[in-house]
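One point on numbering: in UniProt numbering, the residue at position 33 of the sequence shown is 33, and numbering is uninterrupted.
Even for Gly, the Cβ is constructed at its ideal location relative to N, Cα and C.
The structure appears right after this line, and notes come after that.
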Amino acid sequence: MANTTALADLTGPTTATHIERSAGSLVRLARAKVGLTQVELAERAHVPQSTISRIESGRTQPSLVLLGQLLAGAGLELRMTLAPFDDHDRVLDRRAAADPARQESAETALDAFLDDLRNG
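Put into structure tokens, the structure is as follows:
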């Protein structure tokens with residue numbers, strides 16, 4: 001939990017939440033892109049299905065090595081770039097704090113979109 005607090009201190013709570021959820025979203029999108037179930041991806045990546053479930057739900061954050069292993073199991077690779085921090089995150093934080101229901105609605109819509117991708 002200390003890492004999450006430090007991340008929120010550096011980036012703000014909105015960005016920290018999105019970063020924390022991004023690994024699970026990437027895994028879910030990768031599975032949807034290639035049409036794999038959690039069980040099929042688990043077999044290909046040599047990990048328990050429960051690990052994939054915990055990552056996709058945001059209960060567990062994978063290491064970069066594990067994330068790469070899961071994406072490789074889907075026949076994909078992770079490519080990252082570094083970019084300068086911009087202040088739009090602070091605007092998002094203020095907006096989310098001003099209207100928590102709107103933030104929750106946006107997160108629900110994102111989850112529904114990802115589910116639609118997964119289900120084809």
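### Task
Output the boundary residues of the alpha helix (DSSP H) element that contains residue 51.
49-57
### Integer Cβ distance of residue 117 from residue 32, believed to fall under 8 Å
4 Å
### Query
Which word fits residue 99, buried or exposed, when buried means at least 16 other C-beta atoms lie within 10 angstroms of its C-beta?
exposed
### Message
Just to confirm my understanding: we take residue 69, look at its own chain, exclude 5 residues before and 5 after, and list those with CB closer than 8 Å. What are they?
### Response
45, 46 and 47
### Task
Would you check if the distance between the CB atom of residue 76 and the CB atom of residue 67 is smaller than 8 Å?
no
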